[in-house]
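These protein sequences, in sequence, are chains A and B. Everything in the first sequence is counted per the working numbering, starting at 1 for the first residue and increasing by one. Everything in the second sequence is counted per the working numbering, starting at 302 for the first residue and increasing by one. Working notes, beginning with the structure itself.
There are 2 protein chains.
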Amino acid sequence: MDHLRHMAIFKHIVDNGSISAAADKLDLSKSVISHHLKSLEQALGVQLLHRTTRKQQLTPAGKDFYQRCNELGAISAIAWQQAREAADTLAGPLKISSPHALIDNIVTPAISTLCIDNPMIRPHIQVQDRRVDLLGQDIDLAVRVGKLTSSNLMQRKVGEFRDVLCASPVFINCHRAQINAKKFTELDYIANSWQGQKIQHQLQSKKPTKGQKNLIMQFNANRYADTSSAVLSLAKAGLGVALLPDFMFEQAQQQQQLVELISSHQCELNSVYAVHDFGREQPLLIKRTIDALITSFQARQ
Amino acid sequence: MDHLRHMAIFKHIVDNGSISAAADKLDLSKSVISHHLKSLEQALGVQLLHRTTRKQQLTPAGKDFYQRCNELGAISAIAWQQAREAADTLAGPLKISSPHALIDNIVTPAISTLCIDNPMIRPHIQVQDRRVDLLGQDIDLAVRVGKLTSSNLMQRKVGEFRDVLCASPVFINCHRAQINAKKFTELDYIANSWQGQKIQHQLQSKKPTKGQKNLIMQFNANRYADTSSAVLSLAKAGLGVALLPDFMFEQAQQQQQLVELISSHQCELNSVYAVHDFGREQPLLIKRTIDALITSFQARQ
DNA sequence: GCTATTGTTCTGTTAAATAGAACTATGATT
DNA sequence: AATCATAGTTCTATTTAACAGAACAATAGC
Numbered sequence: 001m002d003h004l005r006h007m008a009i010f011k012h013i014v015d016n017g018s019i020s021a022a023a024d025k026l027d028l029s030k031s032v033i034s035h036h037l038k039s040l041e042q043a044l045g046v047q048l049l050h051r052t053t054r055k056q057q058l059t060p061a062g063k064d065f066y067q068r069c070n071e072l073g074a075i076s077a078i079a080w081q082q083a084r085e086a087a088d089t090l091a092g093p094l095k096i097s098s099p100h101a102l103i104d105n106i107v108t109p110a111i112s113t114l115c116i117d118n119p120m121i122r123p124h125i126q127v128q129d130r131r132v133d134l135l136g137q138d139i140d141l142a143v144r145v146g147k148l149t150s151s152n153l154m155q156r157k158v159g160e161f162r163d164v165l166c167a168s169p170v171f172i173n174c175h176r177a178q179i180n181a182k183k184f185t186e187l188d189y190i191a192n193s194w195q196g197q198k199i200q201h202q203l204q205s206k207k208p209t210k211g212q213k214n215l216i217m218q219f220n221a222n223r224y225a226d227t228s229s230a231v232l233s234l235a236k237a238g239l240g241v242a243l244l245p246d247f248m249f250e251q252a253q254q255q256q257q258l259v260e261l262i263s264s265h266q267c268e269l270n271s272v273y274a275v276h277d278f279g280r281e282q283p284l285l286i287k288r289t290i291d292a293l294i295t296s297f298q299a300r301q
Numbered sequence: 302m303d304h305l306r307h308m309a310i311f312k313h314i315v316d317n318g319s320i321s322a323a324a325d326k327l328d329l330s331k332s333v334i335s336h337h338l339k340s341l342e343q344a345l346g347v348q349l350l351h352r353t354t355r356k357q358q359l360t361p362a363g364k365d366f367y368q369r370c371n372e373l374g375a376i377s378a379i380a381w382q383q384a385r386e387a388a389d390t391l392a393g394p395l396k397i398s399s400p401h402a403l404i405d406n407i408v409t410p411a412i413s414t415l416c417i418d419n420p421m422i423r424p425h426i427q428v429q430d431r432r433v434d435l436l437g438q439d440i441d442l443a444v445r446v447g448k449l450t451s452s453n454l455m456q457r458k459v460g461e462f463r464d465v466l467c468a469s470p471v472f473i474n475c476h477r478a479q480i481n482a483k484k485f486t487e488l489d490y491i492a493n494s495w496q497g498q499k500i501q502h503q504l505q506s507k508k509p510t511k512g513q514k515n516l517i518m519q520f521n522a523n524r525y526a527d528t529s530s531a532v533l534s535l536a537k538a539g540l541g542v543a544l545l546p547d548f549m550f551e552q553a554q555q556q557q558q559l560v561e562l563i564s565s566h567q568c569e570l571n572s573v574y575a576v577h578d579f580g581r582e583q584p585l586l587i588k589r590t591i592d593a594l595i596t597s598f599q600a601r602q
């Protein structure tokens, strides 16, 4: 499967009717073209082209060979065209991995909008909280909270959010004594399934100019749920304290379903990254997906 | 239609599952393979292969591109196989050009034998006495009397013959007076159509040791025929003197239909060449055709 | 955390591709 | 038949690309 170059040049010689014409077309000297043809014929052990200074005539073998070279050129052209189209066409499979916390409020709305605008996209949204192997699972784009430490993968920040420690108003009222006494370990705590029993949070003052120290809080988890929306529901039902992303908390707060546990302090900002393996020059589909995620993050504020 | 090399290497990478494996297979260093893949992806502007040290995963674009590379490899293989077959298969068109003088006794018997042994050969025997343009008329092999002075064409000697000045026994008897007196211009002369009216022959003594001089004879042609066999018939019929190839004369001589005009002298030997444009390494079909011509020449002696 | 293996990048080196000139062959023109 | 313009071939010098090997980085298994 070598000598493909020779075949391409042979095709040019036949197409253009002479070695000199092919040389002009290809911006090469005629000596090079002549040499290529000679090498090809020697390699094949067959004369392809009878030639004088004025005429050229394909041998039977040459006719067949030329036919194949044409097919070769056609396929090569198609291959390149398809590849280029793939680079800038909003279509085809799009497998996305997202953590539970972001799926309903951020990722799904973004992908929905993208796919409504471009119906040829075939999305596959996967929910995974742990760091995931993009290659092994054929994932095109992963949404992750926090930057990966070391990786060849490209990471683009798509937004940020803050976790909020909160509980239902009824729960707060019932346990005001413990809260004021900062006996947090005595409170019910709703955790995600993969978290342990011992939970610790570090909150900063919302007014950093006063130089107040960070507030370190410890909890004992005694309720668990796999998804953030389940945690949210339990918290609304007054089953305990929960750590929820601000975009979830805010909706519940407006309906007086949840309130902040400590209004003077807040968690650190979490940055959300889109992670992929398309290098610096991504296909348009990936770019647009990332754009949609950014838009989705901005829209909820 | 360039970068075909890159495509071939890309196919090897996918087929062998890794860059290192492809490098081993192709007897190249992995750095080269890596570089090729990088160049290809840069040229296409598309990532074809997600890769880590352990796994590799084709992108959608890569899948399509790989498919095309496979087709490319298949066509390339077919092209080469066909060309090689063409070089050593006794089949297909075989266009031969022969002068009238040789067609019935030499060329046709040779081609007949060849084609009976190899029925897939499709012969096309053309009769032309003038020097002919092989390329322009798509002639594969030309049989010619006498060597071409300057040409790129290959020439292989296939046999030789001697022209014989002869006439019918009756004719000789009727004109013995003029013959003995060497008044050849008074004799009837049967010429080929393309010859002029004035005919001159130069004969050598059959016994050169005696140092006899060449005999120069002049005739006036007054009968013409296109083909040698027609000339033969006219000569047998006693219509005049004719110059005929020895292989024609000998048959007629055995049946007492023709005798030599001058038994002491003879014409020069004519060499017969097979002329073609297949260079030093001819297809088997051409080689065998030439062999058949040689055999045919030997058989008639 | 360590190690084996893979892929990438860098270097100098080697082989191939190339251009340009000199040469040869051809076919048209006269 | 001789001349001439043009195409193809061959030669040599040069530039370019391909290449190997080492150093490095990243990954996955232990």
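Heads up, the beta-carbon is just placed ideally off N, CA and C, and yes, glycines get one too. Predicted model only: the values in this text are computed from it and were never measured.
Reduced DSSP secondary structure (H/G/I, E/B, other) of B/Cys467
strand
A/Lys11: buried (16+ other C-beta within 10 angstroms of its C-beta) or exposed?
buried
Kindly say whether A/Leu114, judged by its beta-carbon, lies nearer than 9 Å to any beta-carbon of chain B.
With 9 Å as the cut-off, A/Leu114 does not count as an interface residue toward chain B.
Where the segment 340 to 368 of chain B meets chain A: residues whose CB sits under 7 Å from a CB there
Leu345, Gly346, Val347, Gln348, His351, Thr353, Lys356, Gln358, Pro361, Ala362, Asp365, Phe366
Three-way DSSP call (helix, strand, coil) for A/Glu281 in this model
Reduced to three states, the DSSP call for A/Glu281 is coil.
Segment contact flag, the segment 161 to 168 of chain A with the segment 249 to 262 of chain A, C-beta cutoff 8 Å, min 3 pairs:
yes
Quick one: complete beta strand (DSSP E) runs, 3+ long, within the segment 458 to 539 of chain B?
490 to 493, 499 to 506, 516 to 521, 524 to 526
Any Cβ of chain B within less than 9 Å of the Cβ of A/Gly92?
yes
Could you give the DSSP three-state label for A/Val46: helix, strand or coil?
coil
Looking at the structure shown, is B/Pro400 part of a helix, part of a strand, or coil, going by DSSP?
coil
Nearest-angstrom Cβ-Cβ length linking B/Ile491 and B/Ala553, presumed shorter than 8 Å:
Contact flag wrong, Cβ pair sits at about 13 Å.
Does DSSP put B/Glu569 in a helix, a strand or coil?
coil
Runs of beta strand (DSSP E) wholly within the segment 403 to 444 of chain B (minimum 3 residues, chain order):
422 to 428
What is the residue span of the alpha helix (DSSP H) that A/Gln255 lies within?
No alpha helix (DSSP H) holds A/Gln255; DSSP gives it neither H nor E.
Would you kindly check if the distance between the Cβ of B/Leu594 and the Cβ of B/Leu391 is under 9 Å?
no
Going by Cα to Cα distance, which pick from A/Ser229, A/Ala142, A/Ala237 is closest to A/Asp188?
A/Ala237
Touch check for the segment 441 to 449 of chain B and the segment 570 to 584 of chain B: three-plus C-beta pairs under 8 Å?
yes
Among B/Glu461, B/His401, B/Thr590, B/Leu350, the one whose alpha carbon lies nearest that of B/Ser530:
B/His401
Mind the definition here: the segment 379 to 394 of chain B touches the segment 513 to 521 of chain B only if three or more C-beta pairs lie below 8 Å; say whether that holds.
No, they do not touch.
What do you reckon, are the CB atoms on A/Leu141 and A/Lys95 nearer than 9 Å?
yes
Endpoints, alpha helix (DSSP H) assigned at A/Ala91
Note, A/Ala91: premise wrong, no alpha helix (DSSP H); not H, not E.
Can you tell me which of B/Asp325, B/Pro361, B/Asn453, B/Leu454 puts its alpha carbon nearest to the alpha carbon of A/Glu85?
Selected option, being the one with the closest Cα: B/Pro361.
Is B/Arg352 helix, strand or coil when you go by DSSP?
Collapsing the DSSP output to three states places B/Arg352 in a strand.
Measure the C-alpha to C-alpha separation of B/Val428 and B/Ile587 and round it to an integer number of angstroms.
Cα to Cα, the separation comes out at about 18 Å.
Which bits of chain A does B/Pro470 rub up against, with CB to CB less than 9 Å?
What B/Pro470 touches in chain A: nothing, since even the nearest Cβ is about 49 Å away.
Hey, is B/Met421's beta-carbon within less than 9 Å of any beta-carbon in chain A?
no
Measuring CA to CA, which of B/Ala323, B/Val347, B/Tyr525, B/Ile417 is closest to B/Ile500?
B/Tyr525
Kindly list the residues whose CB is nearer than 6 Å to the CB of B/Val315, restricted to its own chain and excluding five residues on each side of it in sequence; keep chain order.
Excluding positions up to five away in sequence, the list reads Tyr367.
Between the CA atoms of B/Ala600 and B/Ser398 - distance to the nearest angstrom:
21 Å
Going along the segment 80 to 108 of chain A in order, which residues come within less than 8 Å of chain B, judged by CB to CB distance?
Trp80, Gln82, Ala83, Arg84, Ala86, Ala87, Gly92, Pro93
Cα-Cα separation between B/His336 and B/Leu436, rounded to whole angstroms:
45 Å
How would you write the range of the beta strand (DSSP E) that A/Leu244 sits in, first residue to last?
241 to 245
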